[in-house]
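Note sheet for the following structure.
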Amino acid sequence: MRSIFSNPIFELVIAGIVIAALASGSMYICANLFEEFYLLALKKGDTALVERIQLQMVFGAVFNLVVVYFLHKLYSALFLSGARLNGMSANREPIIRSALNKVMFGSCIFGMASVLSVFTLKFWR
Numbered sequence: 001m002r003s004i005f006s007n008p009i010f011e012l013v014i015a016g017i018v019i020a021a022l023a024s025g026s027m028y029i030c031a032n033l034f035e036e037f038y039l040l041a042l043k044k045g046d047t048a049l050v051e052r053i054q055l056q057m058v059f060g061a062v063f064n065l066v067v068v069y070f071l072h073k074l075y076s077a078l079f080l081s082g083a084r085l086n087g088m089s090a091n092r093e094p095i096i097r098s099a100l101n102k103v104m105f106g107s108c109i110f111g112m113a114s115v116l117s118v119f120t121l122k123f124w125r
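When the count follows full-length UniProt numbering, it moves up by one through the sequence shown with no breaks and lands on 125 for the last residue.
This is the structure we're talking about:
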């Protein structure tokens, strides 16, 4: 009987969760760094600076999505390479590739939702 931890789909899901958590965590840290300047600009009434900070956070969120996408691409390539080296048959590759794409899509959606929720909670009060 195989352990759940040796199941490749379990490994894919865990990798997706970890990559999405890294994205949302880095965005949260970035938002905390900008929060002091944002609140100071709000107190002064400097709307131009407030808008610039909000725009920079949007750029940060988009950059974060791109980083998550390429991390998944790198992980997918490494996972398929390891599977081939371990004797995966050629007819299973499309199934594994499809699972990798589904995990990547779900992780990107989850990561962006968490990034946008952090962004919304921090800067649109």
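Ideal Cβ positions, reconstructed from N, Cα and C, are used throughout, including at glycine.
Check: residue i C-beta below 7 Å from any heavy atom of the ligand SAM
i           : result
residue 112 : The ligand SAM is absent from the structure shown, which contains no ligand whatsoever.
Beta-carbon proximity check, residue i vs residue j, cutoff 8 Å
i           : j          : result
residue 129 : residue 30 : No information on residue 129 is available, as it lies outside the stretch 1 to 125 that the chain covers here.
residue 106 : residue 68 : no
residue 130 : residue 80 : Since the first residue of the chain shown is 1 and the last is 125, residue 130 is not available in this structure.
residue 77  : residue 12 : no
Distance, residue j Cα to residue i Cα
i           : j           : result
residue 114 : residue 86  : 35 Å
residue 46  : residue 104 : 40 Å
residue 48  : residue 84  : 54 Å
residue 72  : residue 10  : 15 Å
Classification of residue i by the beta-carbon crowding that lies within 10 angstroms, buried from 16 upward
i          : result
residue 24 : buried
residue 18 : exposed
residue 58 : exposed
residue 82 : exposed
residue 33 : exposed
Closer than 8 Å to chain C by CB, residue i
i          : result
residue 35 : The structure shown contains no chain C, having only a single protein chain.
Collapsed DSSP secondary structure at residue i in the structure displayed
i           : result
residue 24  : helix
residue 127 : Outside the shown range of the chain (1 to 125) lies residue 127, about which nothing can therefore be said.
residue 88  : coil
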